[in-house]
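Be aware that the sequence shown starts at 1, since it is given in UniProt numbering, and climbs by one per residue.
Here a beta-carbon is modelled for each residue, glycine too, at the ideal position from N, C-alpha and C.
Values in this document were obtained by computation on a predicted structure and should not be read as measured data.
Reading through the structure tokens given below for one structure.
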Amino acid sequence: MQWTAPETAADGQTVAREFVLNADGRAVPGVLFCPAGPAAARRPLVLFQHGGGSHKRGADVMDWVDLLVCRRGLCLAAIDGPVHGSRRPAGTALDDRAATRDRFLALWTTQHGHVDTMVADWRATVAALSREDAVDATRIVWVGQSMGTAYGLPLLAREPAVRAAAIGMWGLSYPNSERLAQDAQNVACPVLFQQKWDDELFDRQGQIALFERLAPQDKRLSVYPGGHTAVQGVQRRDVDLFVMEHLVKTG
């Protein structure tokens, strides 16, 4: 695992360290955000999967860094998706959200094997970060809606280190999503599943069907108005409360 030099944010509250690790011969680019300054103890870790149009340091990631790292004192790790950030095709723009999302959805609907590759990349990330002095490997949670559910459910079905997960905004009726039904049945940790009522990408019944397949007894379905937009407001607050509740439970 190779690390870059730490970068302290302009406000002095967070430190970011980018890394590249090896997973089955693939370079996996990621970043770990932690509160600045010494810690009295190891900190819980949030694994955050950015959205389909973003990347490991995209606006959605930084919104959660502000809440979960700056305000809650947690560490947060993100890795680039398969066609995102440092793994995007040559000649494409880093922050062209529409084009990036189109690339991701095209990959999702045409190439089945890449899901297991992303799971392996995340599992390698969990294993590597669990050895870091800053991280409390007994308190790890997953946060990721939409693309974070597409890759999160297969990860949750295989990774016992994750204690709880906030997911949603994906459904079984979307092309090539059938495997998620089986993955959902193999999830053991508590789950908060969030749905947007007028989501233009993932229909209501497909999202509800995916929620119903989830195996944990502790699973919650929360529905919010609006379309397939960024997690904000009450929806964001609910994730925050869920994450902190389960970090306390497992601490």
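Original post:
From this set, Arg-123, Glu-132 and Val-83, which residue's C-alpha is nearest Ala-43's C-alpha?
Top reply: On the sequence shown, position 43 is the one that residue 43 refers to. Strictly speaking, residue 43 in this sequence is Arg, with Ala absent from that position. Nearest C-alpha to Arg-43: Glu-132.
**OP:** May I ask you to list the residues that DSSP assigns as paired with Pro-35?
**Re:** By one-based count along the sequence shown, residue 35 stands at place 35. Note: Pro-35 sits in a beta bridge opposite Thr-14.
Original post:
Do the segment 167-174 and the segment 136-156 touch if we need at least three Cβ pairs shorter than 8 Å?
Top reply: yes
Subject >> Ala-120 vs Asp-24 beta-carbon contact at 8 Å >> reply: For the purposes of this step, residue 120 is taken as residue 120 along the sequence shown, with counting starting at 1. For the purposes of this step, residue 24 is taken as residue 24 along the sequence shown, with counting starting at 1. Closer than 8 Å, so yes.
Original post:
Bridge partners of Cys-75, per DSSP?
Top reply: For this step, residue 75 is matched to residue 75 along the sequence shown. Note: Cys-75 sits in a beta bridge opposite Leu-45.
Original post:
Thinking C-alpha only, which one of Ser-173, Glu-212 and Pro-89 is nearest Leu-192?
Top reply: If you number the sequence shown from 1, residue 192 lands on position 192. The shortest C-alpha separation from Leu-192 is found at Glu-212.
Original post:
Can the beta-carbon of Pro-175 be found less than 8 Å from the beta-carbon of Met-118?
Top reply: The count along the sequence shown starts at 1 and reaches residue 175 at position 175. The count along the sequence shown starts at 1 and reaches residue 118 at position 118. Not closer than 8 Å, so no.
Subject >> Validate contact between the segment 13-29 and the segment 123-130 using beta carbons, cut 8 Å, 3 pairs >> reply: yes
Original post:
Hey, would you say Ala-98 sits closer than 8 Å to Thr-92, going by beta carbons?
Top reply: In the sequence shown, the residue the question calls residue 98 occupies position 98. In the sequence shown, the residue the question calls residue 92 occupies position 92. Their beta carbons are not under 8 Å apart, which means Ala-98 does not touch Thr-92 by this criterion.
Original post:
To the nearest angstrom, how far is it from the Cα of Lys-196 to the Cα of Pro-89?
Top reply: Residue mapping note: residue 196 aligns to position 196 of the sequence shown, counting from 1. Residue mapping note: residue 89 aligns to position 89 of the sequence shown, counting from 1. Spanning the two alpha carbons is a distance of roughly 31 Å.
Original post:
Near Gln-232, which residues of its chain fall below 7 Å by C-beta distance, leaving aside the five closest residues on each side in sequence?
Top reply: To locate residue 232, count along the sequence shown from 1; it is residue 232. None.
Subject >> Every unbroken beta strand (DSSP E) within the UniProt domain "Dienelactone hydrolase" (108-226), with a cutoff of 3 residues, ordered by chain >> reply: 135-143, 162-168, 191-196 and 219-224
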